[in-house]
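Position one of the sequence shown corresponds to residue 390 (this note's numbering), numbered consecutively onward.
To start, the structure under review is shown below, and the notes come after it.
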Amino acid sequence: MKNWLWIVSPALVPLPWIVLRFTGAELTPLWVALLSGLAIVGAAFLLGWACEVAEMDISRALALSFLALVAILPEYAVDLYFAWRAGTDPSYTPFATANMTGANRLLIGLGWSLLVFINFFKRGKHAIELEESRSLEITFLLLATLYSFIIPLKGTLSLLDTVVLVALFVFYIISASRANFSEPEIVGPAECLANLIPPVRRTATVAMFLYSAFSILISAEPFAESLIATGRQFGIEEFILVQWLAPLASESPEIIVATLFVLRGNPNSGIGTLVSSKVNQWTLLVGMLPLAYCLAAGRVTSMSLDGRQVEEILLTSAQSAFAIAVLANLRISLLEAAALFLLFITQLFFPDPRVRYFYSAFYLLVTLLILLARKKEQMRHVLHLFSLALKEVRSPAEKA
Numbered sequence: 390m391k392n393w394l395w396i397v398s399p400a401l402v403p404l405p406w407i408v409l410r411f412t413g414a415e416l417t418p419l420w421v422a423l424l425s426g427l428a429i430v431g432a433a434f435l436l437g438w439a440c441e442v443a444e445m446d447i448s449r450a451l452a453l454s455f456l457a458l459v460a461i462l463p464e465y466a467v468d469l470y471f472a473w474r475a476g477t478d479p480s481y482t483p484f485a486t487a488n489m490t491g492a493n494r495l496l497i498g499l500g501w502s503l504l505v506f507i508n509f510f511k512r513g514k515h516a517i518e519l520e521e522s523r524s525l526e527i528t529f530l531l532l533a534t535l536y537s538f539i540i541p542l543k544g545t546l547s548l549l550d551t552v553v554l555v556a557l558f559v560f561y562i563i564s565a566s567r568a569n570f571s572e573p574e575i576v577g578p579a580e581c582l583a584n585l586i587p588p589v590r591r592t593a594t595v596a597m598f599l600y601s602a603f604s605i606l607i608s609a610e611p612f613a614e615s616l617i618a619t620g621r622q623f624g625i626e627e628f629i630l631v632q633w634l635a636p637l638a639s640e641s642p643e644i645i646v647a648t649l650f651v652l653r654g655n656p657n658s659g660i661g662t663l664v665s666s667k668v669n670q671w672t673l674l675v676g677m678l679p680l681a682y683c684l685a686a687g688r689v690t691s692m693s694l695d696g697r698q699v700e701e702i703l704l705t706s707a708q709s710a711f712a713i714a715v716l717a718n719l720r721i722s723l724l725e726a727a728a729l730f731l732l733f734i735t736q737l738f739f740p741d742p743r744v745r746y747f748y749s750a751f752y753l754l755v756t757l758l759i760l761l762a763r764k765k766e767q768m769r770h771v772l773h774l775f776s777l778a779l780k781e782v783r784s785p786a787e788k789a
């Protein structure tokens with residue numbers, strides 16, 4: 390019964406916004422932000438449960454590609470709205486990068502570290518060990534991160550970035566579909582759906598997908614615009630609201646789903662879920678921004694980045710590099726999680742550009758120190774990651 394409440398409750402959350410949206414009720418920006426934001430949160434929860442159950446009924450390759458797209462729909466909808474508006478109104482360009490950088494940094498700084506903390510307090514374990522199959526995600530995360538440093542250097546997001554990052558995403562999906570695969574573990578509310586007879590389960594899953602997508606699509610624009618209007622109304626910097634409140638609404642359900650894995654004694658699946666999400670966001674989500682921008686502009690052009698956006702993307706890339714150095718040995722310790730969290734949370738209190746450059750440099754310095762301190766071991770880990778990734782891709786074909 391408890392698990393069913395976890396499904397019914399999120400399904401009810403978008404209803405007030407849906408009713409008000411179609412009755413044309415006049416609301417203040419704050420109320421629009423609150424109700425449309427809650428609609429996105431509720432829909433994101435339903436998407437999480439539906440994604441888990443859908444893996445039972447569709448092929449591995451289709452599941453990976455389809456679910457990867459669906460899983461980032463909440464972030465995707467808001468971010469692409471900003472990128473689309475930026476194509477006709479350049480003042481929206483900073484908001485597209487704000488939401489993207491906020492979502493990526495939140496996932497690592499809060500999401501990854503939170504799972505390690507919960508695992509420690511729940512089971513007394515000082516680290517989470519990842520299965521070797523996770524080397525595939527880490528390898529592609531490394532490739533995407535290395536490329537991401539080019540973006541702040543050239544000061545634009547262009548169709549070249551779309552080609553490279555979307556190609557990385559497609560290759561990741563193809564590689565993952567060929568890798569060794571174990572049946573997904575379904576926990577929590579999704580388990581209720583999984584236990585239904587197949588026709589009912591499939592109907593319920595499709596209905597959840599459609600309802601969630603509908604709720605997100607009618608909420609994305611009002612949520613984005615009301616965040617900006619609320620910031621102006623209360624004298625809060627709009628960039629900050631878009632960077633942290635929007636991702637917090639869209640990422641929290643995914644982090645909660647990952648937390649359920651940890652509480653059920655499967656921390657590897659929990660952290661693996663968030664690593665996969667980071668790959669999806671760092672490739673597909675970032676890569677689609679310039680495409681949406683060009684389509685709205687009606688011509689082939691580039692999104693020009695101002696100083697603030699360059700700093701934020703550089704900081705996000707540096708954080709990713711540090712996170713990869715931590716995960717290169719397929720292990721994240723309590724101390725490493727604390728470092729990820731503290732570096733993430735403290736930077737929020739210092740909005741000065743010099744501080745962002747300082748944190749970027751510090752992330753890269755610590756990454757370099759890790760590589761130097763464990764030079765032979767770390768190089769072996771990196772080479773091992775690539776070999777494991779290749780092994781994951783090749784082994785099914787060899788068995789055939």
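Glycine residues also receive a C-beta, built at the ideal position from the N, C-alpha and C atoms.
Only a predicted model underlies this, so the values are computations on that prediction, with no experimental measurement involved.
Open item on the list: Restricting to Cα atoms, I'd like to know which of S564, Y752, L394 and L462 is closest to R523.
Closed with: Counted from its first residue, the sequence shown places residue 523 at position 134. Of the candidates S564, Y752, L394 and L462, the one whose C-alpha sits nearest the C-alpha of R523 is S564.
TODO: Write down every uninterrupted run of the beta strand (DSSP E) in the region 466-533 whose length is 3 residues or greater and which is fully enclosed by it, in chain order.
DONE: 516-518
TODO: Give a yes or no on whether the C-beta atoms belonging to F730 and G437 are separated by under 8 Å.
DONE: On the sequence shown, position 341 is the one that residue 730 refers to. On the sequence shown, position 48 is the one that residue 437 refers to. Cβ atoms of F730 and G437: not closer than 8 Å.
- [ ] Closer than 6 Å by C-beta to L678: which residues in its own chain qualify, once you throw out the five before and the five after it? Chain order, please.
- [x] Translated into the one-based positions of the sequence shown, residue 678 becomes position 289. Here the set comprises A472, A485 and L546.
TODO: Could you pull out every residue in the same chain whose Cβ sits closer than 7 Å to the Cβ of A422, ignoring the five residues on either side in sequence?
DONE: Reading the sequence shown from its first residue, position 33 is the one you call residue 422. Within the same chain, A422 has close Cβ partners F612, S615, L616 and T619.
TODO: Would you mind giving the Cβ-Cβ distance between G544 and V699, rounded to the nearest angstrom? I have them listed as a contact below 8 Å.
DONE: Numbered from its first residue, the sequence shown carries residue 544 at position 155. Numbered from its first residue, the sequence shown carries residue 699 at position 310. Rounded, the Cβ-Cβ distance is 6 Å, consistent with contact.
Task: Rounded Cβ spacing between G500 and A647 (contact assumed at less than 8 Å) - done: If you number the sequence shown from 1, residue 500 lands on position 111. If you number the sequence shown from 1, residue 647 lands on position 258. In this structure G500 is in contact with A647, their Cβ atoms being roughly 7 Å apart against a cut-off of 8 Å.
Open item on the list: Whole angstroms are fine: how far does the CA of A433 sit from the CA of I605?
Closed with: Here residue 605 corresponds to residue number 216 of the sequence shown, with the count starting at 1. Here residue 433 corresponds to residue number 44 of the sequence shown, with the count starting at 1. Rounded to whole angstroms, I605 to A433 spans 8 Å at the Cα level.
Open item on the list: Check this for me: beta carbons of T528 and I702, under 8 Å apart or not?
Closed with: Taking the first residue of the sequence shown as position 1, residue 528 is located at position 139. Taking the first residue of the sequence shown as position 1, residue 702 is located at position 313. Not a contact, by the Cβ cut-off of 8 Å.
Open item on the list: Buried or exposed for A596, going by 16 or more other Cβ atoms inside 10 Å?
Closed with: Counting from 1 along the sequence shown, the entry for residue 596 is found at position 207. Its Cβ having fewer than 16 others within 10 Å, A596 is exposed.
Task: Neighbourhood of S425 by C-beta, 7 Å cutoff - its chain only, sequence neighbours within 5 removed - done: For this step, residue 425 is matched to residue 36 along the sequence shown. Sequence-distant partners of S425 (beyond 5 residues in either direction) whose C-beta falls short of 7 Å from its own C-beta, in its chain, are W406, S608, P611, F612 and S615.
Task: Own chain residues within Cβ distance below 6 Å of T482, not counting five before or after - done: Translated into the one-based positions of the sequence shown, residue 482 becomes position 93. Excluding residues within five positions, the ones whose Cβ falls inside 6 Å are A475 and M692.
Open item on the list: Going by C-alpha to C-alpha distance, which of F628, S566, I539 and T412 sits closest to S480?
Closed with: Against the sequence shown, residue 480 aligns to sequence position 91. Out of F628, S566, I539 and T412, F628 has the C-alpha closest to the C-alpha of S480.
Task: For A789, the three-state DSSP class (helix, strand or coil) - done: Residue mapping note: residue 789 aligns to position 400 of the sequence shown, counting from 1. Bear in mind that a pLDDT of 48 at A789, under 50, signals an unreliable position, so the model cannot answer this.
Task: Selection from E444, N655, A579 and I645 that minimises the alpha carbon distance to E520 - done: Here residue 520 corresponds to residue number 131 of the sequence shown, with the count starting at 1. The shortest Cα separation from E520 among E444, N655, A579 and I645 belongs to N655.
TODO: Using 10 angstroms around the beta-carbon of A681, count the other beta-carbons present and answer buried if the total reaches 16, otherwise exposed.
DONE: Translated into the one-based positions of the sequence shown, residue 681 becomes position 292. It is buried - the Cβ of A681 has at least 16 other Cβ atoms within 10 Å.
Task: Straight-line gap, S722 to L530 (C-alpha atoms, nearest Å) - done: Taking the first residue of the sequence shown as position 1, residue 722 is located at position 333. Taking the first residue of the sequence shown as position 1, residue 530 is located at position 141. Roughly 19 Å separates the two Cα atoms.
Open item on the list: Suppose the cutoff is 6 Å on Cβ atoms and the five residues either side in sequence are ignored; what does the same chain contact list for L427 look like?
Closed with: Along the sequence shown, one-based indexing puts residue 427 at 38. So the qualifying residues of the chain are V402.
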